[in-house]
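For the sequence shown, UniProt numbering assigns the number 1 to the initial residue and increments by one for each residue that follows.
C-beta: ideal position from N, C-alpha, C; glycine also.
Small disclaimer: the values here were computed from a predicted structure and weren't measured.
Below is one structure, written out as C-alpha cells, with a few remarks after it.
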Amino acid sequence: MEGRSSIVAMASTVVDRVRPGSWAVKGHARALNGALEATVTFDTAHGRGLGNVRLRPDGCWTLFTKLVALKGHEEACGPRRPIGHEPRPRRNRETWAEQRAREQGELGVSRQPYVVIVGGGQCGMALAARLRLLEVPTVVLERCPRAGDTWRNRYKALCLHDPAWVCHLPCMPFPDHWPLYASKDKVADWFEMYVSVMELDYWTKSTCTAASWDDDEKHWVLSVNRDGQSVQLRPKHLVIATGLYGLPRAPQFPGAESFQGSILHTAKYTRGADYEGKRVVVIGSNTSAHDVCQDLWEQGVDVTMVQRSSTAIATVECTRKVLLKDYSEEALAKGITTEDTDLAIASVPYKVLTELHKVVCKAMQEHDAELHERLRRAGFLLDSGEDGSGVFLKFLRRGSGFYFDGGASQLIADGSIKLKGGSVARISERGVVTDDGTELPADVVLLATGYQPMMSLARTFLEKDVVDRVGAVWGLGSGTTNDPGPWEGELRNVWKPTAQEGLWIHAGNLLQNRIYSDVLALQLKARHAGIPTPIYSLGLEPARQ
1 MEGRSSIVAM
11 ASTVVDRVRP
21 GSWAVKGHAR
31 ALNGALEATV
41 TFDTAHGRGL
51 GNVRLRPDGC
61 WTLFTKLVAL
71 KGHEEACGPR
81 RPIGHEPRPR
91 RNRETWAEQR
101 AREQGELGVS
111 RQPYVVIVGG
121 GQCGMALAAR
131 LRLLEVPTVV
141 LERCPRAGDT
151 WRNRYKALCL
161 HDPAWVCHLP
171 CMPFPDHWPL
181 YASKDKVADW
191 FEMYVSVMEL
201 DYWTKSTCTA
211 ASWDDDEKHW
221 VLSVNRDGQS
231 VQLRPKHLVI
241 ATGLYGLPRA
251 PQFPGAESFQ
261 GSILHTAKYT
271 RGADYEGKRV
281 VVIGSNTSAH
291 DVCQDLWEQG
301 VDVTMVQRSS
311 TAIATVECTR
321 KVLLKDYSEE
331 ALAKGITTED
341 TDLAIASVPY
351 KVLTELHKVV
361 CKAMQEHDAE
371 LHERLRRAGF
381 LLDSGEDGSG
391 VFLKFLRRGS
401 GFYFDGGASQ
411 LIADGSIKLK
421 GGSVARISER
431 GVVTDDGTEL
441 PADVVLLATG
451 YQPMMSLART
461 FLEKDVVDRV
471 GAVWGLGSGT
481 TNDPGPWEGE
491 LRNVWKPTAQ
501 EGLWIHAGNL
511 LQNRIYSDVL
521 ALQLKARHAG
531 IPTPIYSLGL
541 EPARQ
C-alpha cells in the first residue's frame, strides 16, 4: 500500500478490529540506505506479529508487518512439540508407524482434508509442512512417482544458482556441510527426505483431473486419479502449487515439418551425452538455453545458440556477493540470521525495491564488467531491465529474460558455444534459417522458448470461468514487457485470496517459498480455526472472509 491517504484509509478501517498493540523494538536500530531501520514485535486481537520500520528525517518511510502466530493455534514445535512415545506402561499401545499408517489410510477416504494442494514440488511440500505443524488436514497431489522427481527428471546439468542459505525449506535448514550450489539430484533427494521427516500426506502418482466449486456447500469437488484409482476429495480450500511456469511454449516455425532431424522443447531434454556427434541448434537465450548449451558443450557436442532478444546476465558469484550478500557465512558471523534477512527482504515495498535495485544493478554490472564486455564483443545482446533495475526485478515482473551465469556465458564469450543473433525465419530440411537468410546446419533443434503462464496448467482441471475470474498470476503491473499495467504494488494473485472463493496460488523461487508459505499457511489456519478473516479490498466493495 502506497501513499499517506491510502494508508490512513486502510488503518482507520481495520484498526478497531485488528487491535494492534504492545509494540516493542527487537534488538537495536540500525542505519541503512539513509534511514533508521528497526525490527519490531507486536500483538493483535488474534495473533502475534513481527515487523520492520524505516524512519527518515521527514517521518516514516516504510512499515511492514507480518503475522507470525495465531494465539491458541501456534505451531506444534519447540515448547509445544508432541510428547511422542509416552514413558509409561500402556496396553495396546499404538506405535508411531501404526499411527501414521492409520492417518494416511483415513485422510481422503473416511476423513476429508481441509486443504488440497495440487503440485508436490518445493512450494507444495513447504506449504504442507507449515499446515502440518498447524494441525490443518492437508493432502498434496503429485503426479510423479517420487517426491523430488520434478527436479530429478530435469536435464542433467540443472543445479541451484542461489547459495544454500537462500534455498532451504521451512523448519529444516541444510546442514553445515551442504554445498554452496547443490545439483538437481541432491536437491531431489533432500526433498524426498523432507516429505518423509515432516510426515506429509503426500500422494504420488496422483493427478487432479477436474475441480469445481460447490457454492451451496462451500467446498471443492475434486476428481483425482490416484495411481489408476478414481478418488473424490471435498476440501474447503484448493491451492495451486504447480510451479511458476505452465505448459511448454513451443512455437510452430514455418517449414518445421520438413526438417530431417528432431525438434523438441527443452522441457523434454535430459542430457547432452544423448547428442554426441550431432549438431544442435538451441533457439532461446534465457536460463534453460544457457544450461542446455553448456551441458551439450561439456559433452563435446557442436552447439549454436540463437538469440532472438536481449538477456540480463549476472554471474552466480556476483549474485552471491552483491545481490544476496546477507545470505552468507560472513553475515552469520555478524549475527545476521537467515530469518533476519528474510524479514528485511520481504519488508521492502516493490515501488521502493525498484529504485533500490537500480543502484544494486549498477554494482552488479561493475562486478561483471569484464564478462559483459566479452559477451558484447561476441555479439550477445545484454540488458539490465527496461528501466535499469536488473535481474531480480525482471524475475518479479515476468519470470524470464535472465540468466545467472554458471559457465555458459564464458563459453559464449570465447566462442566455444556459437552464437547467432536474430529471429527464426523458418526451419529447413537441414537446419534453422534466421531472418538474414543464414542457415544453421542442425541434426537437432532444441526449443528453449519458455513456458506459458502458470494457469495454463490449471486450465487442464479448473473450469474456464474460474481461471478467467482469477486473471493473471505473477507480475507487478509495471508496464514493462510481459508485465502490463495497471500497477499492482504486489505480485498478482499469489499467497493471498483470489477472486475465486477457496482458491489460492502458491508459487515462487525457494526463497519466496520459505517466506510466503508461512503467510499463506496462517491465512488457511485462521479459516480452519473459525477466526474471522475479512479482506480489506482497497476501496472496492467489501470482500468475503
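Beta-carbon separation (whole angstroms), residue i vs residue j, contact threshold 8 angstroms
i           : j           : result
residue 434 : residue 423 : 7 angstroms
residue 419 : residue 412 : 6 angstroms
residue 140 : residue 125 : 7 angstroms
residue 432 : residue 280 : In fact, because the Cβ distance is near 10 angstroms, the residues do not count as touching under 8 angstroms.
residue 454 : residue 467 : With 8 angstroms as the limit, residue 454 and residue 467 do not qualify as a contact, their Cβ atoms being about 11 angstroms apart.
residue 76  : residue 131 : The Cβ separation is near 11 angstroms, so there is no contact.
residue 275 : residue 296 : 6 angstroms
residue 216 : residue 107 : 24 angstroms between Cβ atoms; not a contact.
residue 396 : residue 364 : Not a contact, Cβ separation roughly 16 angstroms.
Residue i in three-state terms, based on DSSP
i           : result
residue 474 : coil
residue 452 : strand
residue 274 : helix
residue 442 : coil
residue 541 : With a pLDDT of 37 at residue 541, under the threshold of 50, the modelled position of this residue cannot be trusted; read the value that follows with caution. In this structure, residue 541 counts as coil in the three-state DSSP scheme.
residue 488 : coil
residue 505 : strand
residue 83  : coil
residue 42  : strand
residue 35  : strand
residue 229 : strand
residue 265 : strand
residue 327 : coil
residue 353 : helix
residue 207 : strand
residue 23  : strand
Through-space distance from residue j to residue i, alpha-carbon basis
i           : j           : result
residue 342 : residue 336 : 10 angstroms
residue 334 : residue 359 : 24 angstroms
residue 150 : residue 16  : 46 angstroms
residue 540 : residue 487 : Bear in mind that the predicted position of residue 540 carries a pLDDT of just 40, short of 50, making it unreliable; the figure below should be weighed with that in mind. Cα to Cα, the separation comes out at about 16 angstroms.
residue 207 : residue 174 : 30 angstroms
residue 19  : residue 45  : 5 angstroms
residue 245 : residue 166 : 20 angstroms
residue 73  : residue 529 : 8 angstroms
residue 374 : residue 236 : 55 angstroms
residue 56  : residue 38  : 12 angstroms
residue 542 : residue 117 : For residue 542, the predicted structure reports a pLDDT of 37, less than 50, and the residue's modelled location is therefore unreliable. A value from the coordinates is still provided. Near 27 angstroms, if we compare the C-alpha coordinates of residue 117 and residue 542.
residue 332 : residue 264 : 44 angstroms
residue 99  : residue 189 : 25 angstroms
residue 41  : residue 523 : 19 angstroms
residue 366 : residue 321 : 12 angstroms
residue 517 : residue 317 : 28 angstroms
residue 198 : residue 129 : 6 angstroms
residue 309 : residue 70  : 48 angstroms
residue 192 : residue 123 : 13 angstroms
residue 502 : residue 105 : 25 angstroms
residue 11  : residue 480 : 31 angstroms
residue 242 : residue 94  : 36 angstroms
residue 219 : residue 301 : 53 angstroms
Nearest neighbour of residue i, chosen from the options [CA to CA]
i           : options            : result
residue 1   : 349, 49, 48        : 349
residue 121 : 502, 153, 277, 133 : 153
residue 65  : 323, 79, 21        : 21
residue 250 : 283, 273, 220, 59  : 283
residue 499 : 482, 476, 517, 471 : 471
residue 25  : 43, 11, 10, 14     : 43
residue 27  : 340, 188, 494      : 340
residue 185 : 157, 194, 533, 133 : 157
residue 452 : 211, 400, 310      : 400
residue 311 : 429, 392, 239, 462 : 392
residue 160 : 291, 240, 36       : 291
residue 319 : 164, 535, 84       : 164
residue 464 : 177, 210, 107, 119 : 210
Endpoints, alpha helix (DSSP H) assigned at residue i
i           : result
residue 339 : 338 to 346
residue 298 : 287 to 298
residue 58  : Careful: residue 58 lies outside any alpha helix (DSSP H) and carries neither H nor E.
residue 513 : 510 to 528
residue 425 : No alpha helix (DSSP H) contains residue 425, which is instead part of the beta strand (DSSP E) from 424 to 427.
residue 187 : 184 to 197
residue 392 : 390 to 398
residue 149 : 149 to 152
residue 168 : Careful: residue 168 lies outside any alpha helix (DSSP H) and carries neither H nor E.
N- and C-terminal bounds of the beta strand (DSSP E) containing residue i
i           : result
residue 305 : 302 to 307
residue 312 : 312 to 315
residue 140 : 138 to 141
residue 72  : Taken as a continuous stretch (DSSP letters only), residue 72 belongs to no beta strand (DSSP E), as it is neither H nor E.
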